[in-house]
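Protein sequences, first through last, are from chains D and X. According to the numbering used here, the first sequence holds residues 2 to 183 in order. According to the numbering used here, the second sequence holds residues 22 to 609 in order. Glycine included, each C-beta is placed from N, C-alpha and C at the ideal position.
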Amino acid sequence: MPKSKSAYSIPTKKQKPDTYIFVVWVDNEAGVLARVVGLFSGRGYNIESLAVAEVDAVKNISRITIVTTGTPQVIDQIRLQLTKLVPVHKVAEFKREDKGVIFKEMALFKVVGKRNKIEKCLNACKKFNPVILDETKTSAVIQITALRREIDKMNKKLKPLGLISTSRTGAVAMTRGAKIFN
Amino acid sequence: MPKLLTGAEIVFKCLEDQKVEHIFGYPGGAVLPIYDELKNHPSIKHILVRHEQGAGHAAEGYARSSGKPGVVLVTSGPGATNVVTALTDAYMDSVPLVCISGQVPTHLIGTDAFQECDTTGITRPCTKHNWLVKDINDLSKVMHEAFRVATTGRPGPVLIDIPKDVQFAKAKYKKPNKEKKLNGKSHNKFSQDQIDELVKLLSKAKKPIIYSGGGVINSGPKASQALREFVELTGFPITSTLQGLGAYPGDDNQFLGMLGMHGTYEANNAMHDCDLLINIGARFDDRITGKIDEFSPNSTKVHIDIDPSSINKIIKVDLAIVGDVTNVISKINKTISKRKNGHSKSNKSSIAKWWEQIGKWREKDSLNFVNSDESIKPQHAVQRLYELTKNKDTYVTTEVGQHQMWAAQHYKFNKPNRWMTSGGLGTMGYGLPAAVGVQIAHPEKLVIDIAGEASVLMTMQEMSTAVQYNLPIKIFILNNQYMGMVRQWQELLHEKNYSESYSEALPDFMKMAEAYGCKGIKADSPAELDDKIREMIDYDGPVIFDCHVDPNENCFPMIPSGKPHNQMILGPNDQEENKIKGKGKALV
Chain D
2 MPKSKSAYSI PTKKQKPDTY IFVVWVDNEA GVLARVVGLF SGRGYNIESL
52 AVAEVDAVKN ISRITIVTTG TPQVIDQIRL QLTKLVPVHK VAEFKREDKG
102 VIFKEMALFK VVGKRNKIEK CLNACKKFNP VILDETKTSA VIQITALRRE
152 IDKMNKKLKP LGLISTSRTG AVAMTRGAKI FN
Chain X
22 MPKLLTGAEI VFKCLEDQKV EHIFGYPGGA VLPIYDELKN HPSIKHILVR
72 HEQGAGHAAE GYARSSGKPG VVLVTSGPGA TNVVTALTDA YMDSVPLVCI
122 SGQVPTHLIG TDAFQECDTT GITRPCTKHN WLVKDINDLS KVMHEAFRVA
172 TTGRPGPVLI DIPKDVQFAK AKYKKPNKEK KLNGKSHNKF SQDQIDELVK
222 LLSKAKKPII YSGGGVINSG PKASQALREF VELTGFPITS TLQGLGAYPG
272 DDNQFLGMLG MHGTYEANNA MHDCDLLINI GARFDDRITG KIDEFSPNST
322 KVHIDIDPSS INKIIKVDLA IVGDVTNVIS KINKTISKRK NGHSKSNKSS
372 IAKWWEQIGK WREKDSLNFV NSDESIKPQH AVQRLYELTK NKDTYVTTEV
422 GQHQMWAAQH YKFNKPNRWM TSGGLGTMGY GLPAAVGVQI AHPEKLVIDI
472 AGEASVLMTM QEMSTAVQYN LPIKIFILNN QYMGMVRQWQ ELLHEKNYSE
522 SYSEALPDFM KMAEAYGCKG IKADSPAELD DKIREMIDYD GPVIFDCHVD
572 PNENCFPMIP SGKPHNQMIL GPNDQEENKI KGKGKALV
């Protein structure tokens, strides 16, 4: 190994990163999303998707769902750093593979083409609760809800069938059963 | 109907209710209403600095030496951007600051108005929290909340951005809320079980070490008291980080000196070889740990910290106790005292061998240096300064670089809050304005800034502040004409390519002192050093002391980059020995 000239140590052992979903309850106030997102970018954490909206208008609470990747140590840090932010009330996190949690994304597909192609698209989407939101003789807007990778797959599959535009949300999450996040 | 107050009046009402006595600031267009109100509040004294960065560092010095939050008042735009370095510095070193900045009127926000900047955006990553107050009715609540956030948990800086129209607008004033809304952020939830577990570890340890940090200082003087009892009860050796110096007496036999990159041989070797490591209020900074994989490889690690995010951030620990250091250590002491019988007998004898080993490391005398009759060695200068001021309850600030490390190594602190240095951010130019703030908090005490000539030039303008308020701060410059630490790294790691680290055109510090209206003293030879230092101490007023030192001196011992604690480079005596034996520089 060449002699290091750095005043800092050299990174060594790397653990394997995993995908985690964070759910964060925050005061719905100006700048709160910037604080959360700034924490991720400032500390070099990754954001794969992000969904945020107010969930309680009376208490003025928004719920942010963030999909991220990191080693267990990094995930711990993300949770602890998020908890330190003043407008943050509660933080929950779980692994993507967690069976106890539902994890969904929504996508809108605009397909332009002949009727039979649009039919084929709808057929392909059958597993993912397709809803036709708009329809003309030569186009359709199809809504599906599915997992991220399923939407990725559909996106590829529909391209040759006339898909010209995709719009998708970040993932949102909810626990199964009567339980809620801690 | 209660009286309506203007925003500016509310600001001062809040400051009065928060018992603020001093604010450090610089006026400008967007804070003029607040400055206009200043005259009506005689209990609050404003210290006019010469640059907003100086205001921030002065407030840091004030806060760190007094335990009270420092308050800064600046204008919008450049006023706010100038204070960013100080805010970041305070964030890294956990110093409670409340910064109030003016902002352009609300209707002009976002229009690129004159002296407008996105202050809350810029300062978001370098404050614990910040607020843009757009509604006058929120102002008193936000002001009180700001003081609470800055001073509770792990302390840190906060910023309140107040648009000019809000400073003019009127509202009712609300007193601070007595009940504390913690928002799930109370960090004092440790249990007796954890304490018991720790006490069990203490009694089993054969090679223990206590590693204490700035958290002990931040927790208040009681924490230092508790720490001293703890060390006495256990008989364990203790080492300290740069920020923790003074929490435990520097001249005590159980104290191994500072650890880390420029720590002592005994402290670093003890950290490496120990079987129980107790971190109290420190954060495993990279200047401390060296190579992570080989950091204290065989020890059980305990971490006591008020900030849960400090735990397991860098080093995985076996037992974490989240809480205020004062509470945790007092609890530990009580628990130990209760069981004293079994413990004090067995343990002190079982660590006798460990102390023997530490004694052997100590014999290396790793802080040694080759003194000279011709030129002043910087280490010698600090040692003389220490000897001549140690009986005076002296407050010391520093800039950043070699002089800072020499000060940490050779100046021994016996009380907390006497040592103010920029550790986390490493801000050159910190020491002089910090000394201003310390002197404001302690007008009767001796305050010395141990400085380097390069650092001190970064904030030299604050001498003018010191002269204006007749603050008798002593700027003790170890002048080696180099950015010494840069030069040292270049010598050791970049084949002596001293790229841009030599200052070609230094000012004449004697004339500079004269120009500022303070006293200048110059020392060139070791023979005159003591007399000159005495002259500095005896002078009632600010002094710039230009101490010409050997420009080629390096700061040893040193852990080279990427090396563990037990592979230090020692000083010239040792290097000489090793050359003869052909062992090379790095000692294993």
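Of the residues X:Ile-590, X:Ile-44, X:Leu-59, which one's Cα is nearest the Cα of Tyr-83 (chain X)? Position 62 of the second sequence, counting from 1, holds the residue named residue 83 (chain X). That would be X:Ile-44, whose Cα lies nearest to the Cα of Tyr-83 (chain X).
What residues from the segment 36-54 of chain D come within 7 angstroms of chain X, judged by C-beta to C-beta, listed N to C? Arg-36, Gly-39, Gly-43
To the nearest angstrom, how far is the alpha carbon of Ala-428 (chain X) from that of Val-457 (chain X)? The count along the second sequence starts at 1 and reaches residue 428 (chain X) at position 407. The count along the second sequence starts at 1 and reaches residue 457 (chain X) at position 436. Going from the Cα of Ala-428 (chain X) to the Cα of Val-457 (chain X) covers about 19 angstroms.
How about Glu-73 (chain X) and Tyr-47 (chain X): do their beta carbons lie closer than 9 angstroms? Locating residue 73 (chain X) in the second sequence gives position 52, where the first residue counts as 1. Locating residue 47 (chain X) in the second sequence gives position 26, where the first residue counts as 1. Result yes, Cβ atoms of Glu-73 (chain X) and Tyr-47 (chain X) sit closer than 9 angstroms.
From this set, X:Gln-404, X:Cys-138, X:Leu-254, which residue's C-alpha is nearest Arg-360 (chain X)'s C-alpha? Position 339 of the second sequence, counted from the first residue, corresponds to residue 360 (chain X). Taking only the C-alpha atoms, the option nearest Arg-360 (chain X) is X:Leu-254.
Status (buried if at least 16 other CB within 10 Å, exposed otherwise) for Gly-422 (chain X): For this step, residue 422 (chain X) is matched to residue 401 along the second sequence. Under this definition Gly-422 (chain X) is a buried residue.
Would you tell me roughly how many angstroms separate the C-alpha atoms of Gln-136 (chain X) and Val-179 (chain X), rounded to the nearest one? In the second sequence, residue 136 (chain X) corresponds to position 115, counting from 1. In the second sequence, residue 179 (chain X) corresponds to position 158, counting from 1. Straight through space, the alpha carbons of Val-179 (chain X) and Gln-136 (chain X) are spaced by roughly 21 angstroms.
Helix, strand or coil: which one does DSSP assign to His-146 (chain X)? Along the second sequence, read from residue 1 onward, the residue named residue 146 (chain X) stands at position 125. Residue 146 (chain X) is actually Pro in this sequence, not His. Correct three-state label for Pro-146 (chain X): helix.
Chain-ordered neighbours of His-515 (chain X) on chain D, where CB pairs are closer than 9 angstroms: Here residue 515 (chain X) corresponds to residue number 494 of the second sequence, with the count starting at 1. What His-515 (chain X) touches in chain D: Lys-6.
In the DSSP assignment, the alpha helix (DSSP H) including His-424 (chain X) goes from what residue to what residue? Numbered from its first residue, the second sequence carries residue 424 (chain X) at position 403. Counting along the chain, the alpha helix (DSSP H) containing His-424 (chain X) begins and ends at 423-431.
Report yes or no: do the segment 305-319 of chain X and the segment 216-223 of chain X share at least 3 C-beta pairs separated by less than 8 angstroms? In this structure the segment 305-319 of chain X does not lie against the segment 216-223 of chain X, because fewer than three pairs of beta carbons, one per stretch, are closer than 8 angstroms.
Cβ atoms of Val-132 (chain D) and Gly-163 (chain D): under 9 angstroms apart, would you say? Within the first sequence, residue 163 (chain D) is the residue found at index 162, counting from 1. Within the first sequence, residue 132 (chain D) is the residue found at index 131, counting from 1. In this structure, Gly-163 (chain D) lies away from Val-132 (chain D), with their beta-carbon atoms at least 9 angstroms apart.
Taking only three categories from DSSP, how would you classify Tyr-416 (chain X)? For the purposes of this step, residue 416 (chain X) is taken as the residue at position 395 of the second sequence. Residue state, collapsed to three classes: strand.
So, with DSSP's three-state summary, where would you put Tyr-537 (chain X)? Here residue 537 (chain X) refers to the residue found at position 516 of the second sequence. DSSP, reduced to helix, strand and coil, places Tyr-537 (chain X) within a helical segment of the structure shown.
Alpha helix (DSSP H) containing Gln-82 (chain D): first to last residue? Within the first sequence, residue 82 (chain D) is the residue found at index 81, counting from 1. That run of the alpha helix (DSSP H) goes 73-85.
Give the single residue among D:Val-102, D:Lys-118, D:Val-25 whose Cα lies nearest to the Cα of Lys-91 (chain D). Translated into positions along the first sequence, residue 91 (chain D) becomes position 90. Residue D:Val-25 is the option with its Cα nearest to Lys-91 (chain D).
Test item: CB-CB of Lys-96 (chain D) and Ile-22 (chain D) under 9 angstroms: By 1-based counting over the first sequence, the position of residue 96 (chain D) is 95. By 1-based counting over the first sequence, the position of residue 22 (chain D) is 21. Result yes, Cβ atoms of Lys-96 (chain D) and Ile-22 (chain D) sit closer than 9 angstroms.
By the DSSP assignment, the alpha helix (DSSP H) with Phe-168 (chain X) in it spans what residues? Locating residue 168 (chain X) in the second sequence gives position 147, where the first residue counts as 1. Counting along the chain, the alpha helix (DSSP H) containing Phe-168 (chain X) begins and ends at 160-172.
Host beta strand (DSSP E) of His-293 (chain X) (start-end): For the purposes of this step, residue 293 (chain X) is taken as the residue at position 272 of the second sequence. From DSSP, His-293 (chain X) is part of no beta strand (DSSP E) but of the alpha helix (DSSP H) over 286-294.
Measuring straight from C-alpha to C-alpha, what distance separates Leu-280 (chain X) and Trp-382 (chain X)? For this step, residue 280 (chain X) is matched to residue 259 along the second sequence. For this step, residue 382 (chain X) is matched to residue 361 along the second sequence. If I take the Cα positions, the gap works out to 13 angstroms.
Taking Pro-329 (chain X) as the query, report the chain D residues whose CB atoms sit under 9 angstroms from its CB, ordered along the chain. Here residue 329 (chain X) refers to the residue found at position 308 of the second sequence. What Pro-329 (chain X) touches in chain D: Leu-81, Thr-84, Lys-85.
Boundaries (first-last residue) of the beta strand (DSSP E) holding Phe-189 (chain X): Position 168 of the second sequence, counted from the start, is the residue given in the question as residue 189 (chain X). Where Phe-189 (chain X) is concerned, there is no enclosing beta strand (DSSP E), although the alpha helix (DSSP H) it sits in stretches over 185-189.
Would you verify that the beta carbon of Asn-197 (chain X) is, or is not, closer than 9 angstroms to some beta carbon of chain D? Counted from its first residue, the second sequence places residue 197 (chain X) at position 176. Contrary to the premise, residue 197 (chain X) reads as Pro rather than Asn in this sequence. Chain D contact via Cβ: absent.
Would you call Arg-85 (chain X) buried or exposed, if buried means 16 or more other Cβ atoms sit within 10 Å of its Cβ? For the purposes of this step, residue 85 (chain X) is taken as residue 64 along the second sequence, with counting starting at 1. Flag for Arg-85 (chain X) reads buried.
To the nearest whole angstrom, what separates the beta carbons of Asn-29 (chain D) and Ile-62 (chain D), a pair I think is in contact under 8 angstroms? Here residue 29 (chain D) refers to the residue found at position 28 when the first sequence is read from its first residue. Here residue 62 (chain D) refers to the residue found at position 61 when the first sequence is read from its first residue. Confirmed, Cβ separation roughly 6 angstroms.
What does Asp-77 (chain D) reach in chain X if we use C-beta pairs closer than 7 angstroms? Taking the first sequence and counting its residues from 1, one reaches residue 77 (chain D) at position 76. Chain X residues near Asp-77 (chain D): Asn-333.
Is Ala-31 (chain D) close to chain X? Criterion is C-beta to C-beta, closer than 9 angstroms. Within the first sequence, numbered from 1, the residue matching residue 31 (chain D) stands at position 30. It does: the Cβ of Ala-31 (chain D) has a partner Cβ on chain X nearer than 9 angstroms.
When we look at the beta-carbon of Gln-511 (chain X) and count the other beta-carbons within 10 Å, is it buried (16 or more) or exposed? Counting from one through the second sequence, the residue named residue 511 (chain X) turns up at place 490. The residue is buried, with at least 16 neighbouring Cβ atoms inside 10 Å.
For Asp-186 (chain X), which residues from the same chain have a beta carbon less than 6 angstroms from its beta carbon, with the 5 sequence-adjacent residues on both sides left out? In the second sequence, counting from the first residue as 1, residue 186 (chain X) sits at position 165. Cβ neighbours of Asp-186 (chain X) beyond the five flanking positions: Pro-126, Thr-127.
Closest Cβ-Cβ distance between Ile-11 (chain D) and chain X: below 9 angstroms? Here residue 11 (chain D) refers to the residue found at position 10 of the first sequence. Yes - at least one Cβ of chain X is within 9 angstroms of the one on Ile-11 (chain D).
Should Gln-430 (chain X) be labelled buried (16 or more other beta-carbon atoms within 10 Å of its own) or exposed? Indexing the second sequence from 1 puts residue 430 (chain X) at position 409. Classification for Gln-430 (chain X): buried.
Name, in chain order, the residues that DSSP records as bridge partners for Met-175 (chain D). Against the first sequence, residue 175 (chain D) aligns to sequence position 174. Its beta-bridge partners are D:Ile-103.
First and last residue of the alpha helix (DSSP H) that includes Ser-485 (chain X)? For this step, residue 485 (chain X) is matched to residue 464 along the second sequence. Annotation: the continuous alpha helix (DSSP H) that includes Ser-485 (chain X) extends over 484-489.
Would you kindly check if the distance between the Cβ of Pro-54 (chain X) and the Cβ of Gly-91 (chain X) is under 9 angstroms? Mapped onto the second sequence, residue 91 (chain X) falls at position 70. Mapped onto the second sequence, residue 54 (chain X) falls at position 33. No, the pair does not count as a contact, with Cβ atoms beyond the cut-off.
Alpha carbon of Lys-149 (chain X) to alpha carbon of Ala-171 (chain X), nearest angstrom: As a first step, residue 149 (chain X) must be located in the second sequence, where it is residue number 128. As a first step, residue 171 (chain X) must be located in the second sequence, where it is residue number 150. One C-alpha to the other measures close to 7 angstroms.
Alpha carbon to alpha carbon, how far is Asp-595 (chain X) from Gly-605 (chain X)? Give it in angstroms, no decimals. Reading the second sequence from its first residue, position 584 is the one you call residue 605 (chain X). Reading the second sequence from its first residue, position 574 is the one you call residue 595 (chain X). Confidence at Gly-605 (chain X) is low in this model, with a pLDDT of 37, below 50, so its placement is unreliable and no value can be given for it.
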